[in-house]
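Chemist:
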Amino acid sequence: VLKADGNVVFDGTYTIFGRLWQVGQDIPENWQDETAEGASMGDKALNHTIQMTVKDGRPTLNLEFIQNRYSLFGEEQTGYLKNLRYYPGYTDILPPTGLTPTDVTVTAYWEDDAGNRISDDYGTDYPRYMDLPLESLGQNLIWVQVYVPVMEAIQSGTGTQPAKLILDWDSRIQISGNDTDKTGLNALIAEAKDTVQGDASQEAWDALQAAIASAEAVSADMNT
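Here you go:
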């Protein structure tokens with residue numbers, strides 16, 4: 074089976090652009106621009122190039138959260154995101170009310186060079202990688218709740234904030250696909266490319282070159 078439509082999201086891994094946005098802020102046309110106003114306080118802690126895994130047609134975001142610099146009491150501080158929660162099954166365009174968010178799955182924590190989890194004056198066990206399942210392919214709005222301890226230290230009550238995670242599905246780039254063994258196909262391609270025309274007709278030779286080109290396209294297609 075060959076990939077025939079660029080809009081099809083096959084099983085595999087992708088990168089997709091995403092940002093955390095304030096709930097009360099409209100999303101402007103230039104929301105991908107770092108200078109666009111309205112991003113959530115947790116946005117700077119998110120790696121905007123998000124990895125996404127699709128298995129059996131179900132997408133999961135593999136989020137990475139990074140160190141961020143804040144000014145606290147006149148000094149530069151390194152801040153981390155402590156918690157990220159979401160609302161499973163909720164896909165409305167309006168903010169959720171009366172619902173309790175669920176923790177995402179943490180797959181790795183920030184560690185120092187010795188392998189110890191990083192701690193500071195504001196907390197410890199800061200997540201670095203988290204898995205967040207989407208409800209469906211093409212979902213571009215996910216309601217979440219973030220908690221950044223250093224922001225709580227700057228102003229009490231501001232550490233926990235609702236936010237909306239927005240995704241640009243047009244930005245996705247596939248980086249892996251079906252795990253298929255093409256060893257035999259590639260061996261035949263190599264054998265065919267080593268063939269010389271000799272006394273064969275031009276028609277036969279052209280047919281062979283066309284077959285090689287077709288086989289190479291199959292070999293290069295990660296969704297074959």
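Count the sequence shown with this note's numbering and you get residues 74 to 297, in order.
All C-beta atoms, glycine included, are put in the ideal place defined by N, C-alpha and C.
Remember, predicted model here, so these are calculated numbers, not experimental data.
I'd like to check one pair, Y153 with W183: are the Cβ atoms closer than 8 Å?
Modeler: Contact flag set, yes.
Chemist: In the DSSP assignment, find the alpha helix (DSSP H) that holds Q124 and state where it starts and stops.
Modeler: Premise fails: Q124 lies in the beta strand (DSSP E), T122 to K128, not in any alpha helix (DSSP H).
Chemist: Between which two residues does the alpha helix (DSSP H) holding D254 run?
Modeler: Element bounds for D254: n/a, residue is neither H nor E.
Chemist: I need the straight-line Cα distance from D267 to D106, nearest angstrom please.
Modeler: Taking the straight line joining both Cα atoms gives about 50 Å.
Chemist: Taking I239 and L214 to be in contact with their CB atoms under 8 Å, please state how far apart those CB atoms are, rounded to whole angstroms.
Modeler: 6 Å
Chemist: With distances taken Cα to Cα, identify the nearest neighbour of T180 among L167, Y202, P174 and Y159.
Modeler: Y202
Chemist: At the level of alpha carbons, what is the spacing between L93 and D294?
Modeler: 33 Å
Chemist: What is the DSSP secondary structure of A112, reduced to helix, strand or coil?
Modeler: strand
Chemist: Determine the extent of the alpha helix (DSSP H) in which P222 is found, giving its start and end residues.
Modeler: P222 to I227
Chemist: DSSP has T151 in a bridge; who is on the other side?
Modeler: R142
Chemist: Helix, strand or coil: which one does DSSP assign to S209?
Modeler: coil
Chemist: Please list the terminal residues of the continuous beta strand (DSSP E) segment that includes D241.
Modeler: T233 to S249
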